[in-house]
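Residues in the sequence shown are numbered from 765 upward in steps of one, following our numbering. No residue lacks a Cβ here, since even glycine has one placed at the ideal position from N, Cα and C.
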Amino acid sequence: MKKWIVGLFSFMLPLSVMAAGGNVHLDKANNDLTDQASLQRGAKTFMNYCSACHSTQYQRYQRVATDLGIPDDLMKENLMFDPKAKIGDLMTNAIPADSAAKWFGAPPPDLTLVARVRGVDWLYTYLRSFYADPSRPFGVNNVTFPNVGMPHVLEGLQGIPQPVYTTTTVDGKEHQAVTSTKVEKLGELTAEEYDNTVRDLVNFLEYSGDPVKLERHSLGWWVMAFLAIFTVIVVLLKKEYWRDVH
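Structure below.
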């Protein structure tokens, strides 16, 4: 029994650490899973900028193509970069786990369920919170995730954010902390365009974590309607059966 409890705690601890977001203010992602065009753009961004290191190995290319309204031939041509991959394969990443561990210190995590673990607002804020930090291995840090271990892969789109410091006084001593960022030299996109690109990416990751969410919600309304009609029938039957008794 003791070993079972220890094992369960060991499994849950990484999840609790991942879910911790600190005291950073989180911006609202305002995702829309019904926006198929946004999901398609998000899938494109993920495959072009994230999939080399991160997998969504609990999804299949064909299921994603079907759900997002992408023809199989276009999926193969534009979003499947492994020439050996088939449309029915799982969406694994290209980088070997041992090489990733050597380069990054640990293999990059699978992102299929990251939106469910972290939350969409956390992801949206995190991807917009990188800033230049020469002391870090990849030259960047993150306001939402201090001492982050990954590069800013979307830097070419956003530009190079610079840190904005806030000074606070505690016990008569001044302390500086990075509380926000500003982009002095834009990348390929304007600030608004970059925010929209991140929103599309987070939208896709939210879909990845729960592909049947919309279908489940739609089915829920039918179930509620059935229960309402069934309740009326039950009440009428009760009145009919007990009419002579009362």
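On the DSSP bridge list, what partners appear for Asn906?
Residue mapping note: residue 906 aligns to position 142 of the sequence shown, counting from 1. In the DSSP output, where bridge partners are listed per residue, Asn906 has Phe894.
At 4 residues or longer, what runs of the alpha helix (DSSP H) sit wholly inside the stretch 822-863?
825-831, 836-842
Taking only the alpha-carbon atoms, compute the straight-line gap between Gly785 and Ala879 and give it to the nearest angstrom.
Here residue 785 is taken as the residue at index 21 of the sequence shown, counted from 1. Here residue 879 is taken as the residue at index 115 of the sequence shown, counted from 1. Residue placement at Gly785 is poorly supported in this model, since its pLDDT is 46, which falls under 50; the coordinates still yield a value, given next. For Gly785 and Ala879, the distance between alpha carbons rounds to 13 Å.
Please classify Pro778: does DSSP put it in a helix, a strand, or coil?
Position 14 of the sequence shown, counted from the first residue, corresponds to residue 778. Low confidence applies to Pro778: its pLDDT is 39, below 50, so where it sits in the model is not reliable enough to give any reading.
Between Arg805 and Glu970, what straight-line distance do the alpha-carbon atoms span, to the nearest angstrom?
In the sequence shown, residue 805 corresponds to position 41, counting from 1. In the sequence shown, residue 970 corresponds to position 206, counting from 1. Roughly 13 Å separates the two Cα atoms.
Below 8 Å between beta carbons: does that hold for Asp874 and Gln821?
The sequence position of residue 874 within the sequence shown is 110, counting from 1. The sequence position of residue 821 within the sequence shown is 57, counting from 1. Yes, these two residues count as a Cβ contact at 8 Å.
Report the CB separation of Gly923 from Val947 in whole angstroms; it is logged as a contact under 8 Å.
By 1-based counting over the sequence shown, the position of residue 923 is 159. By 1-based counting over the sequence shown, the position of residue 947 is 183. That belief holds up - the Cβ atoms of Gly923 and Val947 are roughly 4 Å apart, short of 8 Å.
In the structure shown, what three-state DSSP assignment does Val1009 receive?
For the purposes of this step, residue 1009 is taken as the residue at position 245 of the sequence shown. Three-state result, Val1009: coil.
Exposure of Phe810, with buried meaning 16 or more beta-carbon neighbours within 10 Å
Taking the sequence shown and counting its residues from 1, one reaches residue 810 at position 46. Under this definition Phe810 is a buried residue.
Using the Cα positions of Asp888 and Leu803, report the straight-line distance between them to the nearest angstrom.
For this step, residue 888 is matched to residue 124 along the sequence shown. For this step, residue 803 is matched to residue 39 along the sequence shown. The sequence given here places Tyr at residue 888; Asp does not occur at that position. Near 15 Å, if we compare the C-alpha coordinates of Leu803 and Tyr888.
Short check: CB of Ala807 to CB of Phe968, under 8 Å?
By 1-based counting over the sequence shown, the position of residue 807 is 43. By 1-based counting over the sequence shown, the position of residue 968 is 204. Cβ distance < 8 Å, so Ala807 and Phe968 count as in contact.
Residue range of the alpha helix (DSSP H) that includes Leu965
Against the sequence shown, residue 965 aligns to sequence position 201. Where Leu965 is concerned, the enclosing alpha helix (DSSP H) starts and stops at 955-973.
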